[in-house]
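See below for the structure under consideration.
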C-alpha cells in the first residue's frame, strides 16, 4: 500500500465529512420530532391515527431507502409544472434538500417504532404513583414517562443513528459529494480501490465509534439507579489526599 | 397525473413495462438470495470464530463484524466492483491476457451483499447459540456424543430455531440492500425502473411501481418467516 497516496486520499475524503454530518444531523433531528408524532399517533388509541401511522411505517420500512430517494428526487420531477405552480419546485430541485427529506422520512419510520417501544416500557406502577402524588399529565410525562422512555429507547436509537450515518452515503447517488461520493470518484480516477476503501471505511468507523461512545456516556448518565450504590462507609473514612481538593 | 397513465405504463399491455419489471423483480430476488446464502456461510464461520476459545479467531471475528457493520454498504459494493475487476485484470495479465476483465455484476453484487449480510448473521447465530441450554449440551456429552454428532443433533436444530426471527430481519436487509447493486449496472428492479423512467420520461410511475414491488417482496418475506417461526416453535411452550 502506498502511504503517500493514502495520505492524499484522506485529505480529499475528509472534505466530505461536513456534508455527511449535515445530512445525518438534519435528518436525525427533524426525523426524531416526526417520529415522536408518529409514536404518539400509534399510542393515541384513535383508530384512524394509529392506522395512518402504521401504514406510513409499513411503507417506509418495507422499501429500500434508495428507491425512496429516487422517487423524491427523480420521480417528483415528473410533476415539475405542478410543483412550480404551488411554489415548491425550489425545494425538490435541489439534491441536498431531497436527500435530507428522504432520509428524514425514512428514519422517522424506524425511530417511531423505537420510541413507541420506549414509551410502552414505562412501568404502569410508576405512572400510578405519580398520579397518586397529584402530578398533572404534563408533569407526569416530563418527570416520569419521558426520562424512563428515553433511557429504554436509547440503545436502539443509537443503532438507528449509526444506520443513518451509513445511509448518508446514498446521497452520493444523487450527485452529492460526501465521503462515499468522493471515494467513488477517486476510485474511478485512480483504480486503487483497496486504498481508497480503507481510508473511507476508517472515516466512517471513526464517526460511528464516536457515536457509540457518546450513546454509552448518555446511557450511563441516565441510569443512576442501575449503578452500584455509593459506599455507605466512605464518608467516615478520611478522603485520600488526592481527592480532598476535588 | 392520471391513474390510467400509470397502469398503462407499468401494466402488461402492448406498451406496458409489466413483464420487464417482473423479470427484474426476479433478478432482485435471485441476487438477494445468493447474497443471503453467502452471508449464511460467512456468518456461521464468523460466529464460530467469535465463540471460539482462540484469542486470534475471536479477534478476527470481532473485527469482521464490527467493520462491516460500521461502514456503508455502498462503499463495500464499490470495493468489490472496482477491486474485483482490478484483481481479475491483473490475474489475466499474469496469464498473458492483456485487456480489461470485469467481474460479472451479478457475482459482484451477490458477494458484496453476502459479505455485509454475513456480519449481521454472525451476530444472529452467536445470540442463538448462547441461548442454547447448557444442560442439553452437558447431557449430550454425558451420553457420549462426539462433537460432530452433538453439533448435528443438538446445536444446529436449536440454533436454527432461535435464529429464525433474527434471520428474518437480516434477510430484509439483504433484500433492501440489493437495490444498491443497481449503481454498478445490474439490471435488477431499481435499475429496470431507472431504464423505464429514462425512456418514457415518467420517473414517478416507475419508481412508484418499484416501491410497490419491493413492498410486496418484503411483505411476503415477513409472512413466510412468521410461518417458519411458528412451525419451528410448535414444540415450545410459551410464557403466556
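Chains as they are written, first to last, in our numbering: chain A, 8 to 253; chain F, 381 to 620. Don't be surprised by glycine CBs; every beta carbon is placed ideally from N, CA and C. Fair warning: this is a prediction, and the values are worked out from it, not measured in the lab.
{"Check": "CB contact flag (residue 526 of chain F, residue 412 of chain F, <8 Å)", "Outcome": "no"}
{"Check": "is_contact[residue 176 of chain A, chain F] using C-beta, thresh 8 Å", "Outcome": "yes"}
{"Check": "Pairwise C-alpha distance: residue 120 of chain A and residue 549 of chain F", "Outcome": "15 Å"}
{"Check": "Chain F contacts made by the stretch 63-80 of chain A, where a contact means CB separation under 7 Å", "Outcome": "66, 69, 70, 71, 73, 74, 77, 78"}
{"Check": "Cβ pair count under 8 Å reaching 3, the stretch 495-503 of chain F against the stretch 472-480 of chain F", "Outcome": "no"}
{"Check": "Which listed residue (F/414, F/616, F/544) has its alpha carbon closest to that of residue 486 of chain F", "Outcome": "F/414"}
{"Check": "Beta-carbon neighbours of residue 584 of chain F, restricted to chain A and to distances below 9 Å", "Outcome": "78, 81, 82, 83, 84, 85, 86"}
{"Check": "Where the alpha helix (DSSP H) through residue 12 of chain A begins and ends", "Outcome": "10-21"}
{"Check": "DSSP three-state assignment for residue 437 of chain F, whether helix, strand or coil", "Outcome": "helix"}
{"Check": "Length of the line joining the Cα atoms of residue 26 of chain A and residue 91 of chain A", "Outcome": "27 Å"}
{"Check": "Exposure of residue 506 of chain F, with buried meaning 16 or more beta-carbon neighbours within 10 Å", "Outcome": "buried"}
{"Check": "Sequence ranges, beta strand (DSSP E) only - wholly within the stretch 456-522 of chain F, length at least 3", "Outcome": "none"}
{"Check": "Residues within the stretch 452-466 of chain F neighbouring chain D, beta-carbon criterion of under 9 Å", "Outcome": "Here chain D cannot be found, since the structure's protein chains are A and F."}
{"Check": "CB contact flag (residue 50 of chain A, residue 161 of chain A, <8 Å)", "Outcome": "no"}
{"Check": "Chain A contact for residue 427 of chain F (CB, 8 Å cutoff)", "Outcome": "no"}
{"Check": "Residue environment, residue 389 of chain F, which counts as buried when at least 16 other CB atoms sit within 10 Å", "Outcome": "buried"}
{"Check": "Three-state secondary structure assigned by DSSP to residue 185 of chain A", "Outcome": "coil"}
{"Check": "Residue-chain proximity (residue 480 of chain F, chain A), Cβ-Cβ < 8 Å", "Outcome": "no"}
{"Check": "Interface residues of the stretch 199-219 of chain A facing chain F [CB-CB below 7 Å]", "Outcome": "200, 201, 204, 207, 208, 211, 212, 215"}
{"Check": "Cβ separation of residue 218 of chain A and residue 172 of chain A, assumed to be a contact under 8 Å, to the nearest whole Å", "Outcome": "7 Å"}
{"Check": "Segment limits, alpha helix (DSSP H) that includes residue 414 of chain F", "Outcome": "398-431"}
{"Check": "Reference residue 424 of chain F; option with closest CA among F/509, F/455, F/462, F/460", "Outcome": "F/509"}
{"Check": "C-alpha distance - residue 21 of chain A paired with residue 52 of chain A, whole-angstrom precision", "Outcome": "48 Å"}
{"Check": "Cβ neighbour criterion (16 or more within 10 Å) applied to residue 253 of chain A", "Outcome": "With a pLDDT of only 44 at residue 253 of chain A, under 50, the local geometry of the prediction cannot be trusted, and no value is derived from it."}
{"Check": "Span separating the alpha-carbon of residue 546 of chain F from that of residue 87 of chain A", "Outcome": "42 Å"}
{"Check": "First and last residue of the uninterrupted alpha helix (DSSP H) at residue 52 of chain A", "Outcome": "That residue, residue 52 of chain A, is in no alpha helix (DSSP H); it is neither H nor E in DSSP."}
{"Check": "Cα-Cα separation, residue 256 of chain A to residue 74 of chain A", "Outcome": "Chain A is shown from 8 up to 253; residue 256 of chain A falls before or after that span and cannot be answered."}
{"Check": "Touching by the beta-carbon criterion (3+ pairs, under 8 Å), the stretch 66-86 of chain A and the stretch 136-150 of chain A", "Outcome": "no"}
{"Check": "Burial state of residue 55 of chain A, where buried means 16 or more other Cβ atoms lie within 10 Å", "Outcome": "exposed"}
{"Check": "Contact belief for residue 539 of chain F with residue 512 of chain F at Cβ below 8 Å, rounded distance in angstroms", "Outcome": "7 Å"}
{"Check": "Partners in chain F for residue 187 of chain A, counting only beta-carbon separations shorter than 8 Å", "Outcome": "452, 454, 455, 458"}
{"Check": "Cβ separation of residue 208 of chain A and residue 447 of chain F, assumed to be a contact under 8 Å, to the nearest whole Å", "Outcome": "7 Å"}
{"Check": "Top-ranked residue by Cα proximity to residue 533 of chain F, from F/521, F/543, F/544", "Outcome": "F/521"}
{"Check": "Exposure label - residue 203 of chain A; buried when at least 16 CB within 10 Å", "Outcome": "buried"}
{"Check": "Residues of its chain near residue 107 of chain A, where Cβ-Cβ distance is below 7 Å and the 5 sequence neighbours each way are ignored", "Outcome": "30, 33, 34"}
{"Check": "Contact set between residue 190 of chain A and chain F, taken where Cβ atoms lie within less than 8 Å", "Outcome": "455, 458"}
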